[in-house]
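Count along the sequence shown from 1, then add 620; that gives the number in this note's numbering. For glycine and all other residues, C-beta sits at the position ideal for the given N, C-alpha and C. Keep in mind it's a predicted model, so treat the numbers as computed, not measured. Taking it in order: structure first as structure tokens, then the write-up.
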Amino acid sequence: MNRINFFESCSEELKLFIELLGCKDEQRESLLNASFDRDKFIEFLTRHQVLNHMSIVMPEFRLRVSDDDYRIVLRLVEGAVYRQLQMTHTLVEVSKLLRANEVHNLMFKGPLLSYELYGVFGLKSSIDLDFLIKKEDLINVEKALLEIGYVPAGLSYSKMPKVVWRLFSAFNYHAGYINHDKQHEVEMHWKFFASESIFPNTTNEQLTSLRAFSIAGEQVYTLPKEELFIYLSVHGSIHLWGRFKWLLDVRGFLLKYEGDIDWEYILQASNKVNMKRAVLLSVYLCNAFFKTPIPNELEGYKGDKNLLKLIQMSIDSINGPFKSGSRLRYIRVITLVKGRLKDVFKGYLFLFFYYLSRPLFFTYNKLFSRAE
621 MNRINFFESC SEELKLFIEL LGCKDEQRES LLNASFDRDK FIEFLTRHQV
671 LNHMSIVMPE FRLRVSDDDY RIVLRLVEGA VYRQLQMTHT LVEVSKLLRA
721 NEVHNLMFKG PLLSYELYGV FGLKSSIDLD FLIKKEDLIN VEKALLEIGY
771 VPAGLSYSKM PKVVWRLFSA FNYHAGYINH DKQHEVEMHW KFFASESIFP
821 NTTNEQLTSL RAFSIAGEQV YTLPKEELFI YLSVHGSIHL WGRFKWLLDV
871 RGFLLKYEGD IDWEYILQAS NKVNMKRAVL LSVYLCNAFF KTPIPNELEG
921 YKGDKNLLKL IQMSIDSING PFKSGSRLRY IRVITLVKGR LKDVFKGYLF
971 LFFYYLSRPL FFTYNKLFSR AE
């Protein structure tokens with residue numbers, strides 16, 4: 621891909637942000653000296669949830685904008701970072717709760733990923749905390765969360781009849797819980813994605829292979845780094861990288877573990893579920909936006925037509941307005957990633973029945989009140 625032509629299609633705010641990160645194109649005149657539209661830039665930072673990331677480039681930013689513009693952006697950045705530090709406290713609290721209830725779990729994304737990639741807890745923007753647990757543990761976890769002030773963001777699974785719970789859990793993969801005092805939400809996943817056919821390990825398999833981190837004296841767990849990279853790639857790809865923060869995570873991973881990544885394992889594991897193209901997409905997009913080098917093991921795919929189409933779709937998604945995902949949209953993307961329609965149907969055909977069951981879900985939601 622011609623990076624100069626690609627760069628021309630980006631918004632001025634995106635170009636400015638990339639330049640602040642130190643990834644500007646040398647063949648372009650500096651945008652830091654160009655006219656600056658504060659409102660548009662703040663809209664970009666908010667839209668892509670990268671306010672937190674501005675904290676590391678504020679000294680450079682201060683030299684290029686007016687004092688008023690700097691102070692307004694600084695207040696927003698400080699508020700975003702402070703919120704993530706508060707969420708880190710919640711992370712420790714919920715981890716202790718899970719340990720006390722002997723629930724095997726791992727955490728992914730959020731403050732823990734920020735700490736792993738950048739050495740600080742507040743550099744990533746997260747609207748919730750994500751934990752992976754076994755499905756059979758969810759009911760007990762929900763009851764424990766209710767006891768410390770959380771309420772279900774949706775339906776209360778612990779109050780469902782067993783037959784309804786089995787139906788709901790078949791068509792869903794996580795449950796959300798909100799603490800209204802803190803305005804924090806915790807999501808308990810029993811699968812990483814709606815379909816287990818797009819991640820190489822099942823939940824039970826992944827919970828036997830973990831990495832430990834210590835936060836405020838509490839032992840928390842996350843994915844081994846190669847599986848983490850596959851997760852980041854798959855997650856960003858099925859959303860067509862609609863939030864720029866997801867690509868920043870991939871960049872952070874590549875910079876942190878440069879020279880210490882088992883690409884052969886990543887390609888083999890992702891190819892096991894025909895998701896290798898998602899890994900390629902994340903790396904090639906990072907190269908396009910940040911000039912991160914493409915590893916030798918991944919160099920031979922530049923002519924892949926599906927990959928080129930996904931790259932262009934992702935660039936359009938990043939530059940355009942954010943579109944919340946739909947299951948049918950995911951299927952379209954997964955079809956391009958997997959490359960063969962039959963592979964898509966293996967994991968996603970049952971999701972079509974989700975739409976047939978929606979009247980039942982709607983009726984249950986109306987008839988049975990949520991937990992107080």
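Rounded straight-line distance, which links the Cα of residue j to that of residue i
{"i": "PHE664", "j": "ARG684", "result": "18 Å"}
{"i": "PHE741", "j": "GLN704", "result": "7 Å"}
{"i": "VAL677", "j": "ARG695", "result": "14 Å"}
{"i": "LEU901", "j": "ARG863", "result": "15 Å"}
{"i": "ILE935", "j": "ALA832", "result": "35 Å"}
{"i": "GLY769", "j": "HIS709", "result": "15 Å"}
{"i": "HIS794", "j": "VAL784", "result": "15 Å"}
{"i": "SER776", "j": "ILE759", "result": "9 Å"}
{"i": "ASN916", "j": "ASP882", "result": "12 Å"}
{"i": "HIS809", "j": "PHE910", "result": "32 Å"}
{"i": "GLU633", "j": "PHE656", "result": "9 Å"}
{"i": "PHE681", "j": "VAL693", "result": "10 Å"}
{"i": "LYS958", "j": "ARG691", "result": "47 Å"}
{"i": "GLU992", "j": "ASN721", "result": "With a pLDDT of 43 at GLU992, under the threshold of 50, the modelled position of that residue is not reliable, and no figure is offered here."}
{"i": "ARG990", "j": "LYS802", "result": "Its pLDDT being 48, under 50, ARG990 is placed unreliably in this model, and the coordinates cannot settle the point."}
Start-to-end residues for the alpha helix (DSSP H) that takes in residue i
{"i": "VAL714", "result": "687–720"}
{"i": "ASP659", "result": "658–667"}
{"i": "TYR823", "result": "Here residue 823 is Thr; the residue named in the question, Tyr, does not match the sequence. Counting along the chain, the alpha helix (DSSP H) containing THR823 begins and ends at 823–826."}
{"i": "VAL783", "result": "782–791"}
{"i": "LEU905", "result": "896–910"}
{"i": "LEU737", "result": "730–738"}
{"i": "ALA764", "result": "758–767"}
{"i": "TYR885", "result": "883–892"}
Enclosing beta strand (DSSP E) for residue i [first to last residue]
{"i": "ARG794", "result": "According to the sequence as given, residue 794 is His; it is not Arg. Looking at the DSSP string, the run of the beta strand (DSSP E) that includes HIS794 is 794–799."}
{"i": "ILE676", "result": "Per DSSP, ILE676 belongs to no beta strand (DSSP E) and is neither H nor E."}
{"i": "GLU838", "result": "838–842"}
Three-state secondary structure assigned by DSSP to residue i
{"i": "HIS855", "result": "helix"}
{"i": "ASP750", "result": "strand"}
{"i": "GLU992", "result": "The pLDDT assigned to GLU992 is 43, lower than 50, so where the model puts this residue is not dependable, and the model offers no usable value."}
{"i": "ARG949", "result": "helix"}
{"i": "PHE813", "result": "coil"}
{"i": "ARG863", "result": "coil"}
{"i": "LEU636", "result": "helix"}
{"i": "ALA832", "result": "strand"}
Residue i vs residue j beta-carbon contact at 9 Å
{"i": "LEU711", "j": "GLY730", "result": "yes"}
{"i": "GLU838", "j": "LYS716", "result": "yes"}
{"i": "SER675", "j": "LEU733", "result": "no"}
{"i": "ILE931", "j": "TYR904", "result": "yes"}
{"i": "SER890", "j": "PRO941", "result": "no"}
{"i": "ASP757", "j": "VAL723", "result": "yes"}
{"i": "VAL840", "j": "MET727", "result": "yes"}
{"i": "VAL854", "j": "ALA898", "result": "yes"}
Proximity test, residue i beta-carbon vs the ligand HEM heavy atom, cut-off 8 Å
{"i": "GLN826", "result": "This structure simply doesn't include the ligand HEM, nor any ligand for that matter."}
Contact with chain D by residue i, beta-carbon distance below 9 Å
{"i": "ASP869", "result": "Here there is only one protein chain, and chain D is not present."}
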